[in-house]
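**Q** Have a look at the structure that comes next, please.
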Amino acid sequence: MTRFENVLKRFPLYVLLLGVYPVLFLWLANFGKVHSYVVPRSLLISFGFTAVVFLLIWIFIHPIRKAGLAAGFLLLLFFSYGHLFSLIDNASLSGLIIGRHRFLIPLWGLIALVGTYLIIKSRSDLYESTRIINLISFLLTAFVLIQIGFAASTSTRLQQNSVQSGPSASSSSSLHTSANTNRDVYYILMDGYDRADLLKRDLNLDIQPFLDQLTQMGFVIPDCGQSNYIDTALSMAATFNMDYLDNLGLSYEDLATKDHEKILTPFITHSLVRQKFSEMGYKIVTYKSPYLFIDMPDSDVYLDGETAVNPGEKMETLNFQQLFINTTFARTAAEWLVENPQDSKNIPAFFVWLINPGSLNPDSSSFIGRNYKQFRQNNFQLDSLETIPDMPGRKFVYAHLLITHQPFTFLPTGEFRTDPKDSYLGYIDQVKYLNTRIIKIIKTIQHKSAVPPVIILQSDHSFSDNGKRALNFQAYYLPDSGNTVIPPSFTNVNTFRLIFDTYFDGQYSLIPDQSMLIDKNIPGFTKLIKSSCMSD
């Protein structure tokens, strides 16, 4: 017997691999959506937790092979709990909702007790079992590492192919600037912001005073505005390439059945709109985003509120940690903290930070939670928008604001919202505060700009999930009579067609306005969404 074979039979190395595999698997499932630097933190937490559990069990159970089997069994239950709960969440049987922690926790506890008891009472020496489980664990870990390596090596090639087959397909119209059209263009995207009639009807929130202020400042608000798609990646890809996705060489079947965010990333980050502004000599100004498919770090000006922050403490790292926690049994504690935020003060901050970093109140802890980081990033975006007019040269500014996107971090007054629950009341608070800041930002931009700029206020879709998700917010400031060209029925896909034709001698022309639902359960994978107007 070789030394390696002897190690495989005597020592349960699979326990330590069990602390690595769940994080690697989660990274693979989200590869292309997250930066690689978000992984080590969760990997360290998982491995450390696994090692501690194994050592504690080894104190009470001998030999080491039996301790390893007991620890591995319990850790398998721990790491699989969140996955199973996601499958049965709110599931019902004969009218009884069985997808609840109150039912699954006792079942998991019973399985843990019975399984551990049987392992302890086992009279087997476990040599052969340990060898087999070690080999399987090594193979599984190696397999996921190979998949990650393959994904990393092919992602660049796939993105380049997507760019060549997509945005360039519609780039026939040449654009021009002159002294009269030498103006900045601001595209302020308010993620998930409802159209005014939807806010009033569903949430009893009247934003008419906000609309009146915008109108007085020269904005036009289409009565029948809608988004083309009801998902951020789908909507942004169509908007930034001025066409429907099937006309960009994309398959609705692929978008419905595969990871559409990965497919669409190059269409968003290196879009036709970006290409055209760059060709005209514009600086591309964007903001750091925790979501890779809308993040453009190679912009001419890339504004990041966390430039000096260690990668292990960045907002997206905490987001990945939260995603990992939600796949484990620790999800139960994390959700309890969300429902009972006041009780987090009675728990050591370090443990709260590990289980649910979003629930920490920065006033009571040295560990800054992800919600507070999002709060600071939101404020950074709002504050810096007022300084962008001071930058020299022509600018195309893409500010993707996540204020009306979970997590909700503001009170209506602009203070930090310590209640981490993402409720409709929280959403209303975000809308109220954002409205006050947007008015101030617009006034500052208009006042500081030597040439009246183009300002687009738009959302990618609404916050609603009741079949009205296409009813998005739209408002346009198009100086020098540009406002007269906005039709009452208008969708995002025509935004830059209109801008380029009106101000840069483009010849794109508007295309028919349509809103579509893409879903794998729909015949043909897409269907039209009926249009409606605020006056209906």
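Our numbering applies: residue 74 is where the sequence shown begins, and numbers increase by one.
Using N, Cα and C, we set each Cβ at its ideal position, and we do this for glycine too.
#1: Rounded to a whole number of angstroms, what is the C-alpha to C-alpha distance between residue 463 and residue 605?
#2: From the DSSP output, which residues share a beta bridge with residue 472?
#3: Let me know the secondary structure DSSP gives residue 267 once reduced to three states.
#4: Compute the Euclidean distance between the alpha carbons of residue 499 and residue 485, then round it to the nearest angstrom.
#5: Who are the Cβ neighbours of residue 525 in its own chain at under 6 Å, not counting the five residues just before and after it?
#6: How big is the Cα-Cα spacing for residue 328 and residue 81?
#7: Using 10 angstroms around the beta-carbon of residue 319, count the other beta-carbons present and answer buried if the total reaches 16, otherwise exposed.
#8: For residue 328, name the three-state secondary structure that DSSP assigns.
#9: Return helix, strand or coil for residue 584, following the three-state DSSP convention.
#10: Buried or exposed for residue 97, going by 16 or more other Cβ atoms inside 10 Å?
#11: Measuring straight from C-alpha to C-alpha, what distance separates residue 356 and residue 465?
#12: For residue 93, which of helix, strand or coil comes out of DSSP?
#13: Determine which residues share a DSSP beta bridge with residue 505 and list them.
#14: What are the boundary residues of the alpha helix (DSSP H) that includes residue 161?
#15: Should residue 542 go down as buried or exposed, given a rule of 16 or more other Cβ atoms within 10 Å for buried?
#16: If you draw a straight line from the C-alpha of residue 119 to the C-alpha of residue 93, how long is it?
#17: I'd like the list of long-range same chain contacts for residue 261, defined as Cβ closer than 6 Å, with 5 residues on each side in sequence excluded.
#18: Per DSSP, which residues does residue 165 bridge with? Please list them.
#19: According to DSSP, is residue 589 part of a helix, a strand, or is it coil?
#20: Which of the three DSSP states is assigned to residue 528 in this structure?
#21: Kindly give me the distance between the Cβ atoms of residue 389 and residue 111, rounded to whole angstroms, as I take these residues to be in contact under 8 Å.
#22: Among the residues of its own chain, which have a CB less than 7 Å from the CB of residue 477, if the five just before and after it don't count?
#23: Mind listing, in chain order, the continuous beta strand (DSSP E) runs of no fewer than 3 residues lying wholly within the region 320-389?
#24: Let me confirm a value: residue 346 is counted as buried when at least 16 other C-beta atoms fall within 10 Å, else exposed. Which label applies?
#25: My guess is that residue 300 and residue 567 are in contact by the Cβ rule of under 8 Å, so how many angstroms apart are they, rounded?
#26: Could you tell me the distance, in whole angstroms, from the CA atom of residue 115 to the CA atom of residue 148?
#27: Taking a contact to mean a Cβ-Cβ separation below 7 Å, would you say residue 150 touches residue 185 in this structure?
#28: With a cut-off of 8 Å on the beta carbons, I'd call residue 304 and residue 534 a contact; round off their distance for me.
#29: Can a CB atom of chain B be found closer than 7 Å to the CB of residue 212?
#30: By DSSP, does residue 178 sit in helix, in strand, or in coil?
#31: Look at the alpha carbon of residue 255 and the alpha carbon of residue 216, and state the distance between them as a whole number of angstroms.
#32: Which class does residue 219 belong to by DSSP, given the choice of helix, strand or coil?
#33: In angstroms, rounded to a whole number, what distance separates the CA positions of residue 461 and residue 442?
#34: Under three-state DSSP, which class holds residue 545?
#35: In angstroms, rounded to a whole number, what distance separates the CA positions of residue 591 and residue 332?
**A** Working from what's here:
#1: For the purposes of this step, residue 463 is identified with residue 390 of the sequence shown, where counting begins at 1. For the purposes of this step, residue 605 is identified with residue 532 of the sequence shown, where counting begins at 1. About 40 Å.
#2: Counted from its first residue, the sequence shown places residue 472 at position 399. In DSSP, residue 472 forms a bridge with 261.
#3: As a working mapping, residue 267 is identified with position 194 in the sequence shown. Correct three-state label for residue 267: strand.
#4: Against the sequence shown, residue 499 aligns to sequence position 426. Against the sequence shown, residue 485 aligns to sequence position 412. Approximately 9 Å, taken between the alpha carbons.
#5: Against the sequence shown, residue 525 aligns to sequence position 452. Answer for residue 525: 552, listed in chain order.
#6: For the purposes of this step, residue 328 is identified with residue 255 of the sequence shown, where counting begins at 1. For the purposes of this step, residue 81 is identified with residue 8 of the sequence shown, where counting begins at 1. Taking the straight line from one Cα to the other gives about 44 Å.
#7: Taking the first residue of the sequence shown as position 1, residue 319 is located at position 246. Exposed is the call here.
#8: Along the sequence shown, one-based indexing puts residue 328 at 255. If DSSP states are grouped into helix, strand and coil, residue 328 belongs with the helices.
#9: Counting from 1 along the sequence shown, the entry for residue 584 is found at position 511. Coil at residue 584, not helix or strand.
#10: Position 24 of the sequence shown, counting from 1, holds the residue named residue 97. Classification of residue 97: buried, given that the 10 Å Cβ count is 16 or more.
#11: On the sequence shown, position 283 is the one that residue 356 refers to. On the sequence shown, position 392 is the one that residue 465 refers to. Taking the straight line from one Cα to the other gives about 9 Å.
#12: Within the sequence shown, the letter at position 20 stands for residue 93. Correct three-state label for residue 93: coil.
#13: Walking along the sequence shown from the start, residue 505 turns up at place 432. Bridge partners of residue 505: none, in fact.
#14: The residue given as residue 161 occupies position 88 in the sequence shown. Its alpha helix (DSSP H) spans residues 137-161.
#15: Start at 1 with the first residue of the sequence shown, and residue 542 comes out as number 469. Label assigned to residue 542: buried.
#16: Residue numbering aside, residue 119 sits at position 46 when the sequence shown is read from its first letter. Residue numbering aside, residue 93 sits at position 20 when the sequence shown is read from its first letter. In a straight line, the C-alpha of residue 119 is about 7 Å away from that of residue 93.
#17: Residue numbering aside, residue 261 sits at position 188 when the sequence shown is read from its first letter. So the qualifying residues of the chain are 472, 530.
#18: Indexing the sequence shown from 1 puts residue 165 at position 92. Among the bridge pairs identified by DSSP, residue 165 is matched with 170.
#19: Here residue 589 corresponds to residue number 516 of the sequence shown, with the count starting at 1. Strand.
#20: For the purposes of this step, residue 528 is identified with residue 455 of the sequence shown, where counting begins at 1. Strand.
#21: Counted from its first residue, the sequence shown places residue 389 at position 316. Counted from its first residue, the sequence shown places residue 111 at position 38. Correct: roughly 5 Å between the Cβ atoms.
#22: Reading the sequence shown from its first residue, position 404 is the one you call residue 477. Here the set comprises 263, 264, 265, 266, 500, 503, 504, 507, 536.
#23: Counting whole runs of 3 or more residues, the region 320-389 contains the beta strand (DSSP E) stretches 356-360, 374-376.
#24: If you number the sequence shown from 1, residue 346 lands on position 273. Buried, since its Cβ has 16 or more Cβ neighbours within 10 Å.
#25: Numbered from 1 along the sequence shown, position 227 holds the residue referred to as residue 300. Numbered from 1 along the sequence shown, position 494 holds the residue referred to as residue 567. The pair is not a contact, with the Cβ atoms about 11 Å apart (cut-off 8 Å).
#26: The residue labelled residue 115 in the question sits at position 42 within the sequence shown. The residue labelled residue 148 in the question sits at position 75 within the sequence shown. Computed Cα separation, rounded: 16 Å.
#27: Residue mapping note: residue 150 aligns to position 77 of the sequence shown, counting from 1. Residue mapping note: residue 185 aligns to position 112 of the sequence shown, counting from 1. Yes, Cβ-Cβ distance for residue 150 and residue 185 is below 7 Å.
#28: Taking the sequence shown and counting its residues from 1, one reaches residue 304 at position 231. Taking the sequence shown and counting its residues from 1, one reaches residue 534 at position 461. 7 Å between Cβ atoms; contact.
#29: Absent here is chain B; the protein component of the structure consists of one chain.
#30: One-based indexing of the sequence shown puts residue 178 at position 105. It is helical.
#31: The count along the sequence shown starts at 1 and reaches residue 255 at position 182. The count along the sequence shown starts at 1 and reaches residue 216 at position 143. Going by the C-alpha atoms only, they are around 55 Å apart.
#32: Position 146 of the sequence shown, counted from the first residue, corresponds to residue 219. Residue 219: helix per DSSP, three-state reduction.
#33: As a first step, residue 461 must be located in the sequence shown, where it is residue number 388. As a first step, residue 442 must be located in the sequence shown, where it is residue number 369. Taking the CA atoms as reference points, residue 461 sits about 29 Å from residue 442.
#34: As a position in the sequence shown, residue 545 is number 472, starting the count at 1. Here residue 545 sits in strand by DSSP.
#35: Along the sequence shown, one-based indexing puts residue 591 at 518. Along the sequence shown, one-based indexing puts residue 332 at 259. When rounded, the distance between both Cα atoms is 13 Å.
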